[in-house]
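J.:
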Amino acid sequence: MLMVGSCSLADPPFVLMNQGKSLILLFMEWLGHVKCIESLADYGANIDYNISHLGTPLYIACKNQQLACAKKLLELGASVNKGKGLESPLHVVARMSFGELVYLLMDFGANVQARNAEGKRPVDLVPRESPVTEIFLEREGPESLMQLCRLRIRKCFGIRQHHKIAALFLPEDLKRFLLHL
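Just so we're on the same page, our numbering is the position in the sequence shown counted from 1, plus 18.
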């Protein structure tokens, strides 16, 4: 049995062999435990695995308003636009009017123009009179060049390789920017 902090993985080889389902089920069981997500990722679990009736781990974290889990999944390289069917994580947090998660997803490059099965963009799902509408209005135009560069550099490093950014010979402020710190 693998123990990491308060998290235990009963059978790490099972996690490796059944990456997707194990990750989703364990993720749901330990919702809110960032260390468990790190452990699963370290053991090679597919953090973007999508079970059609549940969605991806990022979608589940957003749906359950787990900001720390969503941030950790994004830092580990989870796809910001994969959710449940055509509904992205940004759709679900827009519907719930959760501003912090909206900012987080947008900072990691969420597609604000993505349409769900009903043909609606995330901004169309924000409840009337919600302050989250302002967030979408602020970010309505094209991404800034700085943001586009950050997203491109992170994409070049690939999934689970973002930690290597810290080893680059760059000013610390730039490293923090690239790592979303």
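Every residue gets a Cβ at the ideal spot worked out from N, C-alpha and C, and that includes glycine.
Just so we're clear, the structure is a prediction, and the values are computed from it rather than from any experiment.
1) Please report the straight-line C-alpha distance between residue 79 and residue 57, rounded to a whole angstrom.
2) Would you list the residues sitting across from residue 73 in a DSSP beta bridge?
3) Just to confirm the assignment, what range does the alpha helix (DSSP H) spanning residue 112 have?
4) State buried or exposed for residue 104, treating a residue as buried only when at least 16 other CB atoms are found within 10 Å of its CB.
5) Along the chain, where does the alpha helix (DSSP H) that runs through residue 83 open and close?
6) Going by C-alpha to C-alpha distance, which of 62, 144, 93, 55 sits closest to residue 182?
7) Using the C-alpha atoms, what's the distance from residue 97 back to residue 196?
8) Compare the Cα-Cα distances from residue 166 to each of 125, 87, 190, 155 and report the closest residue.
9) Hey, is the region 108 to 122 in contact with the region 130 to 143, meaning 3+ C-beta pairs nearer than 8 angstroms?
10) Would you mind giving the Cβ-Cβ distance between residue 74 and residue 117, rounded to the nearest angstrom? I have them listed as a contact below 8 angstroms.
11) If you run the structure through DSSP and keep just helix, strand and coil, what is residue 100?
12) In three-state terms, what does DSSP make of residue 168?
13) Using beta-carbon positions only, say whether residue 65 and residue 91 come within less than 9 angstroms of one another.
14) Would the beta-carbon of residue 185 fall within 9 angstroms of that of residue 143?
15) How many angstroms separate the CA atom of residue 54 from the CA atom of residue 63?
16) How many whole angstroms separate the CB atoms of residue 86 and residue 52, which I take to be in contact at a CB cut-off of 8 angstroms?
17) Would a C-beta distance cut-off of 9 angstroms place residue 95 and residue 176 closer than the cut-off?
T.: In terms of the structure at hand:
1) 16 angstroms
2) 69
3) 107 to 114
4) exposed
5) Residue 83 -> no alpha helix (DSSP H), and no H or E assigned at all.
6) 93
7) 16 angstroms
8) 125
9) yes
10) The pair is not a contact, with the Cβ atoms about 22 angstroms apart (cut-off 8 angstroms).
11) coil
12) helix
13) yes
14) no
15) 11 angstroms
16) 5 angstroms
17) yes
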